[in-house]
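Engineer:
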Amino acid sequence: MEKTQEQKKSSVHSGMHLPGKVGIHGSFFGKVDATASELQPFMPTELIGGSIPYIPGKEDEGVWNAASQACGTERVHYCYVIDDGRVWYLAAPSSSLASNPDSWCPLAAALPGNSEYWDRQTVYLYEQEGMAGALRWDQETGRLQLFLGVSRTILPRIQSMEANFVTINPEVAKSVPWKNRALRQEQLSRMLIRILFLSGIGVTLFSLLFWVVAYTLANALTPKLDKARAVTTTATNELMVNAANALQTNTDRHMARIIELLNMTSTFGGILTRYEVKENDVVEWTALIPSAVQPGQIQAIAVGMEDGRVKVKGTH
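With positions in the sequence shown counted from 1, the corresponding number in this note's numbering is that position plus 2.
1. Measuring alpha carbon to alpha carbon, tell me which of R311, G310, A289, N182 ends up nearest A302.
2. Please go through the region 27 to 113 and give each complete alpha helix (DSSP H) segment of 4 or more residues, from N-terminal end onward.
3. Based on DSSP bridge pairs, tell me the residues matched to W120.
4. Let me know if S53 comes out buried or exposed under the rule of 16 or more other beta-carbons within 10 Å of its beta-carbon.
5. By the 10 Å Cβ neighbour count, where 16 or more other Cβ atoms means buried, how is K229 classified, buried or exposed?
6. Residues in the same chain with beta-carbon distance under 8 Å from P123, minus the five sequence neighbours each way, listed in chain order, please.
7. Thinking C-beta only, is L137 closer than 7 Å to L148?
8. Report the three-state DSSP secondary structure of Q296 (helix, strand or coil).
9. Using a C-beta cutoff of 7 Å, does S201 count as contacting chain D?
10. Do E118 and I170 have their C-beta atoms within less than 7 Å of each other?
11. Considering Cα atoms alone, identify which of M266, V78, R192, G64 is closest to P46.
12. Excluding the 5 residues flanking G272 on each side, which residues of the same chain have their C-beta closer than 6 Å to its C-beta?
13. Going by alpha carbons, who is nearest to D309 out of P103, T275, G51, N239?
14. For L92, is the classification buried or exposed, using 16 other Cβ atoms within 10 angstroms of its Cβ as the cut-off for buried?
15. For R186, does the count of other Cβ atoms within 10 angstroms reach 16, so buried, or fall short, so exposed?
16. Apart from the five residues on each side of it in sequence, which residues of its chain come closer than 7 Å, Cβ to Cβ, to P108?
17. Rounded to a whole number of angstroms, what is the C-alpha to C-alpha distance between I160 and P114?
18. Give the straight-line distance between the Cα atoms of T238 and R196, rounded to the nearest whole angstrom.
19. Please classify E188: is it buried, with 16 or more other beta-carbons within 10 angstroms of its beta-carbon, or exposed?
20. Comparing alpha-carbon positions, which option in R88, G74, L49 lies nearest G64?
21. Answer yes or no: do G316 and W287 have a C-beta to C-beta separation smaller than 7 Å?
22. Can you tell me whether A175 is helix, strand or coil according to DSSP?
23. From this set, S105, G59, W106, which residue's C-alpha is nearest I84's C-alpha?
24. Is the beta carbon of A110 closer than 7 Å to that of V214?
25. Which residue marks the beginning of the alpha helix (DSSP H) containing I160, and which one marks its end?
26. Between which two residues does the beta strand (DSSP E) containing G306 stretch?
27. Quick check on DSSP: helix, strand or coil for K229?
28. For P158, is the classification buried or exposed, using 16 other Cβ atoms within 10 angstroms of its Cβ as the cut-off for buried?
29. Taking 7 Å as the threshold (C-beta atoms), are L146 and G51 in contact?
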């Protein structure tokens, strides 16, 4: 039976790794995926199959989620194709491939668009070491069905069906590698840890180099700064002495003036209420004196009344 040209030109998308390619995690760790010629045919006894709606960009996650729920574990191997608005997949628990890590399932070649696929009316058979498996589509529901078991019990049951049969020859069929999401995540995690470790070493070395350069430059520039430091210290000391002298002189003068004003106002029965030194050493003071006293007697001017007394203001 030969495939038609239309079937050979199928536009079905495949969700498997391309054999013989080196991924980013593979190249980083020096590991290369097994090529098609290195994969050995093996049919897991816990193989499952089904389909889910096709959501662009979400097919890989959707297949992994469906396979994980069906297998009862997140560690699953799976492969899939996209056809007719659905994602058709086969999957098996990773533990079932413990003795056959570099293998592929020949029944995957019968998924739509793969090398052994003809149509959905055909039953696809594969037999190995006394075990047999069959893949078909239910004509009423359109669901993917898998039959696995001992050859002597499964084959008579399958061959009793009214359908065309195709026996898959793994020597002729194009191998379909498994995908393993958990393994890939672990490889990427190890790669990230190694990148962070190397980045930390790089930052540490750069910091040490920067410190050495800065220390060397500091030592080289220190002799040139000694003279400037001495000049700065001398100027600072002079400013502090001048400021202290100026502060002391002004303070003594203003304290003497305050005492003079207190004595003068109290002589006339008044009180000094405010003495303020403003910018440019300008003095302004206010006092309350009895109304019988003339402001001119104390070299001030009247500015109002307060508490029955005359409020006066002076500026010297």
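C-beta: ideal position from N, C-alpha, C; glycine also. Here the structure is a predicted model, which is why all the values come from computation and not from measurement.
Structural biologist: Reading off the structure:
1. A289
2. 61 to 73
3. Note: W120 sits in no beta bridge, so no partner.
4. That one is buried.
5. exposed
6. The sequence given here places Gln at residue 123; Pro does not occur at that position. Excluding sequence neighbours, Q123 sits near W139, Q141, A165, N166.
7. yes
8. coil
9. The chain labelled as chain D is not found in the depicted structure, where only one protein chain is given.
10. yes
11. Nearest of M266, V78, R192, G64 to P46, Cα basis: V78.
12. A289, L290, I291
13. T275
14. buried
15. When all chains shown are included, R186 counts as exposed.
16. P43, M45, Y128, I170, P172, A175
17. 20 Å
18. 55 Å
19. exposed
20. R88
21. In this structure, W287 lies closer than 7 Å to G316 by Cβ.
22. coil
23. G59
24. no
25. 153 to 161
26. Unbroken beta strand (DSSP E) run through G306: 303 to 308.
27. helix
28. exposed
29. yes
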